[in-house]
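Asker:
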Amino acid sequence: MRIGDLRRLGRSQVEVTALSFGGAAIGGLYAPVPDDEATAALKRALSHGMRYFDTAPHYGAGRSERRLGMALGSSGAVVSTKVGRLLRPREPGEEPDDEGFMGEPPLKRVWDFSADGVRRSLTQSLERLGLDRVDVVYIHDPDFHEDRVYAETYPALARLRDEGVVGAIGAGMNQAAMLTRFVRRLDLDVVLCAGRLALLDRTAEAELLPACLERGTSVVVGGVYNSGVLAGGGTFDYVPAPAEIRAKAARLRDVCAAHGVPLRAAALQFPARHAAVASVLVGCRSPAEVDDNAAMFELEIPEALWEAV
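Dropping the structure here:
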């Protein structure tokens with residue numbers, strides 16, 4: 001596989017690279033990241049041929065967007081952000097809602113999937129990114145707002161796409177079932193499916209991927225390490241991995257070792273093998289992590305390994 005291979009998102013004119021940069025880590029997810037380290041990681045990704053960068057207001061309460069905008073400048077990279085959470089200043093005495101992001105500014109996240117909220121969120125994101133338009137916008141984590149998506153969020157994004165402010169529209173979630181319903185009911189260019197097309201969880205294979213192929217909707221895959229357990233960490237879906245999951249990960253590691261392949265490489269390349277998948281997102285917080293993920297993505301893996309897993 002080659003990092004710089006280009007794939008088009010649905011019927012849009014937006015093209016993304018096979019490997020892309022997820023911006024949660026540089027927003028300070030689980031550990032603070034200095035400005036210079038975040039900038040260096042983004043620059044290193046460009047040097048490896050990555051030309052698609054994903055972010056969101058949620059990631060560090062806007063910090064990821066600002067860092068990405070400053071580092072990419074006039075690189076011409078494809079950028080995606082998200083709507084569904086507005087940011088406002090925290091009131092005196094109001095508790096932070098950092099949700100695992102460290103060192104973020106004193107802002108409060110407010111769920112808002114209304115048409116007005118979509119436009120306000122995108123206006124704020126464009127300011128932080130230093131852009132006047134954005135390539136891709138995802139509806140972010142609407143797990144408890146499905147009806148509002150049909151009534152307001154999607155129509156607002158479709159209008160922005162028609163106006164040329166947005167190049168492609170989609171939805172991004174940690175589940176496959178609702179994404180499948182969106183693909184079947186809405187004219188989406190792309191879905192971002194996190195954690196459900198991974199070696200430890202292939203839920204998306206059952207209905208989401210076939211629906212995407214049928215509808216011509218592209219898939220961007222995140223969470224390929226299932227939040228860490230497939231990369232040597234101890235978490236699965238952002239909580240401590242239960243014994244059953246740790247045992248499955250150990251068996252996968254043994255299979256990979258028998259073929260001389262690091263488990264990280266298999267985890268990163270596995271979703272990219274599906275015809276519906278346009279890009280694999282991977283979060284990086286340092287140049288060293290970018291280098292490692294780039295090497296894992298382009299490592300040759302024998303077909304016998306895929307038959308074994």
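Letter 130 of the sequence shown, counting from 1, is numbered 130 in the UniProt record's numbering, and no numbers are missing.
Here a beta-carbon is modelled for each residue, glycine too, at the ideal position from N, C-alpha and C.
1) If we require 4 or more residues per run, which alpha helix (DSSP H) segments fall completely within the segment 150 to 210?
2) Taking the C-alpha atoms as reference points, what is the distance between Gly-130 and Met-50?
3) Is the segment 265 to 273 touching the segment 220 to 229 in the sense that three or more CB pairs, one from each, lie closer than 8 Å?
4) Can you name the start and end residues of the beta strand (DSSP E) that Thr-81 belongs to?
5) Could you give the DSSP three-state label for Thr-123: helix, strand or coil?
6) Between Leu-213 and Leu-179, what straight-line distance do the alpha-carbon atoms span, to the nearest angstrom?
7) Taking DSSP's pairing of strands, which residues face Lys-43 in a bridge?
8) For His-140, which residues does DSSP report across the bridge?
9) Count the other CB atoms within 10 Å of the CB of Arg-11; is the residue buried (16 or more) or exposed (fewer)?
10) Whose C-beta lies closer than 6 Å to the C-beta of Ala-308 among residues of the same chain, with five residues either side of it excluded?
11) Going along the chain, which unbroken runs of the alpha helix (DSSP H) with 4 or more residues stay wholly within the segment 232 to 269?
12) With DSSP collapsed to three states, give me the class of Ala-276.
13) Excluding sequence positions up to five away, which residues of its chain have a Cβ less than 7 Å from the Cβ of Lys-43?
14) Let's see if you can read the secondary structure: which residues bound the beta strand (DSSP E) around Asp-54?
15) On the DSSP letters alone, give me the boundaries of the alpha helix (DSSP H) that Glu-99 sits inside.
16) Beta carbon of Lys-108, beta carbon of Asp-97: below 8 Å?
17) Do you know how far the Cα of Val-137 is from the Cα of Ala-18?
18) Quick one: any contact between the segment 57 to 73 and the segment 292 to 302, if contact means 3 or more CB pairs under 8 Å?
19) Would you kindly work out how many angstroms separate the C-alpha atoms of Val-290 and Gly-27, rounded to a whole number?
20) Taking C-alpha atoms, which residue in Glu-207, Arg-251, Ala-266, Leu-200 lies nearest to Thr-235?
21) For Asp-143, which option in Asp-112, Ala-198, Ala-304 has the closest C-alpha, if you only look at C-alpha atoms?
22) In three-state terms, what does DSSP make of Arg-88?
23) Reducing DSSP to helix, strand and coil, say where Val-309 ends up.
24) With H, G and I counted as helix, E and B as strand and the rest as coil, what does DSSP make of Glu-300?
25) Between which two residues does the beta strand (DSSP E) containing Glu-15 stretch?
26) State the beta-bridge partners of Arg-7 as determined by DSSP.
27) Please identify the residue among Tyr-154, Leu-230, Tyr-238 whose C-alpha is closest to the C-alpha of Arg-246.
28) Are the C-beta of Arg-215 and some C-beta of chain D separated by less than 8 Å?
29) So, are the CB atoms of Val-277 and Leu-268 less than 8 Å apart?
Answerer: Concretely, from the data shown:
1) 154 to 163, 177 to 185
2) Distance between the alpha carbons of Gly-130 and Met-50: 20 Å.
3) With the rule of 3 Cβ pairs closer than 8 Å, the segment 220 to 229 counts as touching the segment 265 to 273.
4) 78 to 83
5) Here Thr-123 sits in helix by DSSP.
6) 13 Å
7) Beta-bridge annotation (DSSP): Lys-43 is not paired with any residue.
8) Gly-172
9) exposed
10) Val-255
11) 243 to 258, 263 to 269
12) Ala-276: coil per DSSP, three-state reduction.
13) Sequence-distant partners of Lys-43 (beyond 5 residues in either direction) whose C-beta falls short of 7 Å from its own C-beta, in its chain, are Ala-71.
14) 52 to 54
15) Per DSSP, Glu-99 belongs to no alpha helix (DSSP H) and is neither H nor E.
16) yes
17) 18 Å
18) Touching, no.
19) 16 Å
20) Leu-200
21) Asp-112
22) strand
23) Assigned with DSSP and collapsed to three states, Val-309 falls in coil, not helix or strand.
24) coil
25) 15 to 17
26) Val-16
27) Leu-230
28) Absent from the structure is chain D; it holds one protein chain and no more.
29) no
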